[in-house]
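Following: one structure in structure tokens, then a few remarks.
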Amino acid sequence: MPLWRRKEGVFVFDHVEGLVDLLQVVAPVQTLVYNLSQSQEFLAEFSFVEPGGNQQPLVSLKVIAPNVECFKIITKKSGPRLVALEFFFFERGPEEFFAGLQDATALENLTLYWGDPDAGARCTARWPQGVVLDRLVILNLAWGRLLVADPENFGAVTVRLPTLNSDPFQAVRSLIQAHSEKLRHAELSSWYLLPLLKPCIRNLWLLHVHSDEGVSTALQIPELRQMPELKELTINVEAFSPEVESLLKAWPAPSDVRVLELRDCIDLAVVRGLRAGRFKTVISLEITLVGQIESDVDSGRLEEGLQGLPNLAMLRLCAKREQPMPLTKLLSRISVTTIPELLLAFIEDGLVTFNLAPITQHDYAGYKDCRELVRRAPQPLHVVVILRCVRVTMGFGVTQDMVATLFFRHSVAEQCETCGLAETSVCKSIGANIHKRVQVKL
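So for the sequence shown, this note's numbering puts the first residue at 33; every next one is plus one.
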């Protein structure tokens, strides 16, 4: 039986020849992660899964190699099917990489990572402007954060910034230039990298940036004012809440952003930046908390921010750690005049229980808040609570599952679009259907 006709398989190689032989008889690679090693080490992990039916097998490959010769062999064989590529440069530049990349004609998603921002400082490679990968729409750029001790400042540690006019970044800019009409999504590990997107910035639909020291000077970057097509913006806030708050307050107008995500928020202070009204077109807001909330303080911060989003129709609050109180408390104290258009709210919270029985309304105090919010909302609001239930039991140890409950106030017999949207979103989020539906009586 051919390898790719089995249900699944994993093969590990410590030499190039074995991998090359395998590539001759298996289905083309679709997802590739390629690390240029600083040593002579070679290691490859090839895996495939047969979904069944008439679907094509899912084939992925991870490689650690001292050079790009194997990469060029892979793209020559799998280029017409290779969809996603992650390439880690570390201390080498992109000269030979570009040669192999030209064979990846089906590539849609490209990630480039430098372990050292000055890697390949003497590289002269430029992407040929006449060569365009027609399906390439997603570009992710990341550079390693190198910490350097400053001897003149008592050894204080600072971050070494990338030199954007250096050869490696000019090489990347040439790649972006050739695909300026194709690229629509970009993810950056730093605000410092935003100028690299200048060739394609006006065509971007989605931008995702991880905050770092560069966020404090982001407003000085001209490219921030050149994104007329931007519809989705995601910012990882992390330890830079005050800086991101200032950025949101002064975000260049006009903005046509419809979907806004604020991830890894230590608290909700950053949300206050939305009150300035720079994101009035936003209809969907997602906030992910990694810190602990203070009910009164953070509820006030959230309400202040929501006042700047008059068209908000969908809100998602997600807690990544256990909270001292139900996350629903944040919404229970918000005036309904702050959410005039809100139709759907998702609240993802945690619950520790010592009971193996199904979750009831008495197990999670936030269910009462959901009922009250649905009852008093100006629109026919639907609230979905997704609980990460950690069950601790004697003899059974610790288990975790996800339980979703939908609250609504319309007739049970009514066909409802919002209910359908809630069901689809829950299924995508936790891989299961809504467990319980609760009609709230007015």
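Heads up, the beta-carbon is just placed ideally off N, CA and C, and yes, glycines get one too.
Quick check on Val42: buried or exposed, where buried means 16 or more other Cβ atoms within 10 Å of its Cβ? Counting from one through the sequence shown, the residue named residue 42 turns up at place 10. So Val42 counts as exposed.
N-terminal and C-terminal residue of the alpha helix (DSSP H) that Cys451 is part of: As a working note, residue 451 is residue 419 in the sequence shown. Element bounds for Cys451: Glu449 to Ile462.
Distance, Cα to Cα, Val322 vs His442? For the purposes of this step, residue 322 is identified with residue 290 of the sequence shown, where counting begins at 1. For the purposes of this step, residue 442 is identified with residue 410 of the sequence shown, where counting begins at 1. Rounded to whole angstroms, Val322 to His442 spans 34 Å at the Cα level.
Shortest alpha-carbon distance to Ala116 belongs to which of Glu380, Leu144, Leu236 and Phe45? As a first step, residue 116 is located in the sequence shown; it is residue number 84 there, counting from the start. Closest by alpha carbon: Leu144.
By a C-beta neighbour count over all protein chains shown, 10 Å radius and 16 as the cutoff for buried, is Ser71 buried or exposed? Counted from its first residue, the sequence shown places residue 71 at position 39. Looking at its Cβ environment, which holds fewer than 16 other Cβ atoms inside 10 Å, Ser71 is exposed.
Every unbroken beta strand (DSSP E) inside the stretch 204-232 [3 residues or more]: 217-220
Beta-carbon proximity check, Arg113 vs Gln56, cutoff 7 Å: Counting from 1 along the sequence shown, the entry for residue 113 is found at position 81. Counting from 1 along the sequence shown, the entry for residue 56 is found at position 24. No, the Cβ-Cβ distance between Arg113 and Gln56 is not below 7 Å.
Using the rule of at least 16 other Cβ atoms within 10 Å of the residue's Cβ for burial, across every protein chain shown, is Ser110 buried or exposed? Start at 1 with the first residue of the sequence shown, and residue 110 comes out as number 78. Ser110 is buried by the Cβ-count criterion.
Bounding residues of the alpha helix (DSSP H) (the contiguous stretch that carries Cys155): What you label residue 155 is simply residue 123 of the sequence shown in a count that begins at 1. Per DSSP, Cys155 belongs to no alpha helix (DSSP H) and is neither H nor E.
How big is the Cα-Cα spacing for Ile170 and Glu213? Residue numbering aside, residue 170 sits at position 138 when the sequence shown is read from its first letter. Residue numbering aside, residue 213 sits at position 181 when the sequence shown is read from its first letter. Looking at the two C-alpha atoms, the distance is approximately 12 Å.
Between which residues of its own chain and Glu404 is the CB-CB distance below 7 Å, once the five residues before and five after are set aside? Working through the sequence shown from its first residue, we reach residue 404 at position 372. Same-chain partners within the cutoff: Ser364.
Short of 7 Å in beta carbon distance, which residues of its chain neighbour Arg167, apart from the five on each side in sequence? Order them along the chain. Residue mapping note: residue 167 aligns to position 135 of the sequence shown, counting from 1. Hits under 7 Å: Ala138, Leu139 and Glu140.
Helix, strand or coil: how does DSSP classify Arg276 here? For the purposes of this step, residue 276 is identified with residue 244 of the sequence shown, where counting begins at 1. Sequence check: residue 276 is Val here, not Arg. Helix.
Cβ-Cβ distance between Ala409 and Val368 below 7 Å: By 1-based counting over the sequence shown, the position of residue 409 is 377. By 1-based counting over the sequence shown, the position of residue 368 is 336. The answer is yes: Cβ separation under 7 Å.
Where do the N-terminal and C-terminal ends of the beta strand (DSSP E) with Val169 fall, by residue? Within the sequence shown, numbered from 1, the residue matching residue 169 stands at position 137. Careful: Val169 lies outside any beta strand (DSSP E) and carries neither H nor E.
Which same chain residues, not among the five before or five after His47, have their C-beta less than 7 Å away from its C-beta? The residue labelled residue 47 in the question sits at position 15 within the sequence shown. Correct list, in chain order: Phe74.
According to DSSP, is Phe43 part of a helix, a strand, or is it coil? By 1-based counting over the sequence shown, the position of residue 43 is 11. The answer is strand: DSSP assigns Phe43 an E or B state.
How many angstroms separate the CA atom of Gly452 from the CA atom of Phe440? Start at 1 with the first residue of the sequence shown, and residue 452 comes out as number 420. Start at 1 with the first residue of the sequence shown, and residue 440 comes out as number 408. Their Cα atoms are separated by approximately 12 Å.
Determine the closest residue to Ile298 out of Gln209, Gln324, Leu239 and Thr360, with distance taken between C-alpha atoms. For this step, residue 298 is matched to residue 266 along the sequence shown. Out of Gln209, Gln324, Leu239 and Thr360, Gln324 has the C-alpha closest to the C-alpha of Ile298.
What three-state label does DSSP hand Ser69 in the structure shown? Here residue 69 is taken as the residue at index 37 of the sequence shown, counted from 1. Three-state result, Ser69: coil.
Around the C-beta of Val163, are 16 or more other C-beta atoms found within 10 angstroms, so that it is buried, or is it exposed? Numbered from its first residue, the sequence shown carries residue 163 at position 131. Val163 is exposed by the Cβ-count criterion.
At which residues does the alpha helix (DSSP H) containing Asp296 begin and terminate? Within the sequence shown, residue 296 is the residue found at index 264, counting from 1. No alpha helix (DSSP H) holds Asp296; the beta strand (DSSP E) holding it covers Val291 to Cys297.
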